[in-house]
Ligand code: NIG
Ligand code: FE
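Numbering (the UniProt record's numbering), first residue to last: 1 to 390.
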């Protein structure tokens, strides 16, 4: 296997406290990174770097782990510009807008869905995302949910069955019938293509009892749970997620003290999605309250055509720092190691021996510039599994 040394790194974030300055980011100044095939085999001070077959000069740029975007909805067709326009003129966001995308997605061909997905994946990769999770949820029939997952699974291992996004319009008068479908025939067709099961536990979508039934049915088929919880209002989602040992409770915008305690004492990551609050003009999740309570926080885009149409993790980092009062260090950790934790992965989100060589070079002296220079395309080079992709 070919070994590569990336040298002349101005500042390297390893996310391994033992490798660097002792901080959670494990920062090494004047660093080098050595790869063997797809993996990192060495990280540390450039002066001590072992030789390798190939030498790459980072030109003093900062190197960070590739972003782990642990929450997106990228298998869809159509557009919700009109809804966004109305919202920016004062209309409130509601879960019902999902129906617009469901109609467009059902009408789209496999090739259209695939083209749309790869377009957003390329966009995300160019902005430093090297791992992404994505969900079904805009099909809501057995056929359309299974095909969404099949299309997604060709591009990522992190595929989530979200048949329970909203009650299908075909079951408007029979929500119990829809839950029976989602936990029965649709689950049977979808489980082979997915790793995760998710539910939008929210007023206007699924209540606590329905969510429990959906998640436990998925778990019985070998899927692992994650939950859209407490986005638009207070509710049972977060505590249900912790109780079922879900990898992540996503959104966490409306939390009681008991919700925060449950997260702090459980194994469930709180995934914050500031693109959604930005695009729906909603109040920000209280990241400081979660971090100060000791909760593991991830930061992701929630990229979808309705509530957060951004594929940019750097943009979400800037929002998290400016508006959610996370420090630049916390925001970067949450968008890399935090995302990995939300996917229960230890082979990504860090640049230490054994991890996949997934990283981004920034045209900046440090990762702090991601928030300090919002909107500027600082990601200039992206490597995934030891190969340069951008
Ligand atoms: O995460 N919360 C539910 N699902 C998406 C919104 C999807 C949509 O509006 O199309 C979200 O925000
Ligand atoms: Fe979402």
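We put the CB at the ideal spot given by N, CA and C, even for glycine. Small disclaimer: the values here were computed from a predicted structure and weren't measured.
Query	Result
Environment of residue 59 [buried if 16+ CB atoms lie within 10 Å]	exposed
Cβ-based burial, residue 43 [other Cβ within 10 Å; buried from 16]	buried
7 Å CB neighbourhood of residue 389 in its chain, flanking five on each side removed	125, 382, 383
Residue 380 - containing beta strand (DSSP E), residue span	379-384
Under the three-state DSSP convention, the category residue 39 falls into	strand
Own chain residues within Cβ distance below 6 Å of residue 16, not counting five before or after	26, 350, 352
Close-in-space but distant-in-sequence residues of the same chain around residue 244 (CB under 6 Å, 5 per side omitted)	215, 225
Alpha helix (DSSP H) runs wholly inside the segment 171-247, at least 4 long, in chain order	175-183, 185-190, 208-220, 237-243
Buried versus exposed call for residue 304 [16 or more other C-beta atoms within 10 Å across all chains shown]	buried
Where residue 356 falls: helix, strand or coil (DSSP)	strand
Spatial distance of residue 249 from residue 51 (CA atoms)	44 Å
Outcome for residue 53 when other beta-carbon atoms lying within 10 angstroms are tallied against a minimum of 16	exposed
Cβ contact (3+ pairs, closer than 8 Å) linking the segment 87-105 and the segment 120-134	no
Residues bridged to residue 64 [DSSP beta-bridge criterion]	360
Contact check, residue 209 vs residue 230, beta carbons under 9 Å	no
Sufficient close CB pairs (3 or more, under 8 Å) joining the segment 297-315 to the segment 371-380	yes
Classification of residue 144 by the beta-carbon crowding that lies within 10 angstroms, buried from 16 upward	buried
Reduced DSSP secondary structure (H/G/I, E/B, other) of residue 101	helix
Residue 291, enclosing alpha helix (DSSP H) - first and last residue	287-292
Backbone secondary structure at residue 128 - three-state DSSP	coil
Residue 269 versus 280, 275, 299, residue with shortest Cα-Cα distance	299
At least 3 beta-carbon pairs within less than 8 Å: the segment 158-171 vs the segment 197-211	yes
Among 290, 119, 253, 285, the one whose alpha carbon lies nearest that of residue 264	290
Alpha-carbon to alpha-carbon, residue 129 and residue 161	21 Å
Residue 147 classed as buried or exposed, judged by whether at least 16 other C-beta atoms fall within 10 angstroms	buried
Range covered by the alpha helix (DSSP H) that runs through residue 166	Where residue 166 is concerned, there is no enclosing alpha helix (DSSP H), given that its DSSP letter is neither H nor E.
Residues near residue 57 by beta carbon distance below 7 Å, same chain, minus five either side	7, 8
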